[in-house]
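Working notes, structure below.
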């Protein structure tokens, strides 16, 4: 049975409910609805809610959890599908064979639907970048890229298992000897030179009808498997595009970081030049000469007026 942890969502709803109840109680208070204490209580409630909401993880984390849950379900369904493939390839001619075929088809459709849902969630996650800091965007992109790679690996394994199942099913179909009695009857009729009457008896006709029905069922199953492999190929290509896009984004981030480091180095170099220029002896010499000239001029003025 599949389960999902909704503790975080429950905490958000509970905090929101407490905030609504607190506001309603302040409105219903008789006589002092707009008193100073009520305003202070509202302010404290809003601050508490803002603080609690700030402590909650971003909304894209919930979508990542949803994709991880789909990945876990895909892994579980792939194991179940492998067991169904093994049971289906067992040679039987009873009613359980058709039931096994239906089970395989249902499991294949369910796994394909899970892949498509996880892919859609990844695409939605890529489009939500508003309000994120550069650090949060980097973390989100790294998580998305790792999840896309995991989905791509599972999709490749699923496609390989489907191809192997199709190959074994076709080999089983080619190796079926249900029509061997027809060739034997034909050879016997030729050797008998007309002593046997042409045609089939009732038992042979029943076997022929059962065999034709079995071949038709297998052809339909093979067509369904081929269609699922084509769908998987499309999903695999789209996941590869996601991984490439994430790699391009990370390359751009790395390039921007290199540019920032280069600009920082240039800024440090400019600061060092300014510091060296500030500590240079030439300005100090000029200041010293000016001070000496001022003292000399003052001395001359004093000597002139004293005479």
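In the numbering used here, the protein residues as written are 10 to 316. By construction, the Cβ of each residue, glycine as well, lies at the ideal position given by its N, Cα and C atoms. Nothing here was measured: the structure is a model prediction, and the numbers come from that model.
>> For residue 57, which residues in the same chain have their Cβ closer than 7 Å to its Cβ, ignoring the five residues on either side in sequence?
In response: Note on residue 57: pLDDT 49, under 50, position unreliable in the model; the coordinate value appears next. Hits under 7 Å: none found.
>> Our contact map puts residue 153 next to residue 134 with C-beta atoms below 8 Å; I'd like the distance itself, whole angstroms only.
In response: 6 Å
> Going by the beta-carbon positions, is the gap between residue 175 and residue 83 smaller than 8 Å?
Replying inline: no
> Is residue 289 helix, strand or coil when you go by DSSP?
Replying inline: coil
>> What ranges does the alpha helix (DSSP H) occupy inside the region 78-155, keeping only unbroken runs of at least 4 residues that lie completely in it?
In response: 105-136
> Quick one: what's got a C-beta closer than 6 Å to residue 93's C-beta in the same chain, skipping five residues either side?
Replying inline: 112, 113 and 116
> Can you tell me the Cα-Cα spacing of residue 302 and residue 295, whole angstroms?
Replying inline: Per the coordinates, the alpha-carbon of residue 302 lies some 11 Å from the alpha-carbon of residue 295.
> Apart from the five residues on each side of it in sequence, which residues of its chain come closer than 6 Å, Cβ to Cβ, to residue 109?
Replying inline: Spatial neighbours of residue 109 in its own chain (CB-CB distance under 6 Å, excluding positions within 5 residues in sequence) are listed in chain order as 96 and 97.
> For residue 177, which residues of its own chain have a beta-carbon under 7 Å away from its beta-carbon, when the five flanking residues on both sides are left out?
Replying inline: 98
>> Could you compute how far the alpha carbon of residue 62 sits from the alpha carbon of residue 68?
In response: With a pLDDT of 48 at residue 62, under the threshold of 50, the modelled position of that residue is not reliable, and no figure is offered here.
> Assuming residue 120 contacts residue 90 under a Cβ cut-off of 8 Å, what Cβ separation, rounded to an integer in Å, is found between them?
Replying inline: 6 Å
>> Restricting to Cα atoms, I'd like to know which of 129, 173 and 180 is closest to residue 156.
In response: 129
> residue 171 to residue 107, Cα distance in whole Å?
Replying inline: 19 Å
>> Taking its Cβ as the centre, do 16 or more other Cβ atoms sit within 10 Å of residue 237, making it buried, or is it exposed?
In response: buried
>> Please classify residue 45 as buried or exposed, where buried requires at least 16 other C-beta atoms within 10 Å of its C-beta.
In response: Residue confidence is low: residue 45 scores 45 on pLDDT, short of 50, so the model does not pin down where it sits. Its coordinate-derived value is still stated next. Exposed, because fewer than 16 other Cβ atoms sit within 10 Å of the Cβ of residue 45.
>> In whole angstroms, give me the CA-to-CA distance for residue 280 and residue 297.
In response: 26 Å
>> At the level of alpha carbons, what is the spacing between residue 243 and residue 234?
In response: 14 Å
> Anyone know if the C-beta pair for residue 141 and residue 76 falls short of 8 Å?
Replying inline: no
> From residue 263 to residue 179, what does the alpha carbon distance come to, in whole angstroms?
Replying inline: 50 Å
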